[in-house]
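Going by the numbering used here, the sequence shown opens with residue 351, and the numbers climb by one from there. Read the structure below first, then the notes.
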Amino acid sequence: MQRFTDERDDSTIDELWLVQHPPVFTQGQAGKAEHVLAPGDIPVIQVDRGGQVTYHGPGQIVAYPLIDIRRKNIG
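The structure is reproduced here in structure tokens:
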């Protein structure tokens, strides 16, 4: 996703990615280690989004809209 964002230019079409992640906790900027009580073998990954802790895992569909909001005049 980061590579797509870094390499896109004005002619790159927007994309919508639908994915399933392996078991993982993502910890946002407001997250603290004590927010994950017993992760067991599930990795905890620090990410640069807002919020605290989110679990992603098999069977859960996650949507990533990769949209150039400047081109849409909404950002």
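Beta carbons are placed, not taken as given, at the ideal position from N, Cα and C, and that holds for glycine. The structure presented is a predicted model; accordingly, all values stated were derived computationally and were not measured.
According to DSSP, residues forming a beta bridge with residue i
i, result
"Ile395", "Thr376"
"Pro415", "Leu366"
Where residue i falls: helix, strand or coil (DSSP)
i, result
"Thr404", "strand"
"Ala383", "helix"
"Arg358", "coil"
"Gln352", "helix"
Assumed close pair residue i, residue j - CB separation to whole angstroms, cut-off 8 Å
i, j, result
"Gln370", "Ile411", "6 Å"
"Gly400", "Gln377", "About 11 Å; that fails the 8 Å criterion."
Beta-carbon contacts of residue i that lie in its chain and below 8 Å, excluding the five residues immediately before and after
i, result
"Gly409", "Gln370"
"Gln352", "none"
Close-in-space but distant-in-sequence residues of the same chain around residue i (CB under 7 Å, 5 per side omitted)
i, result
"Ile392", "Pro373, Val374 and Phe375"
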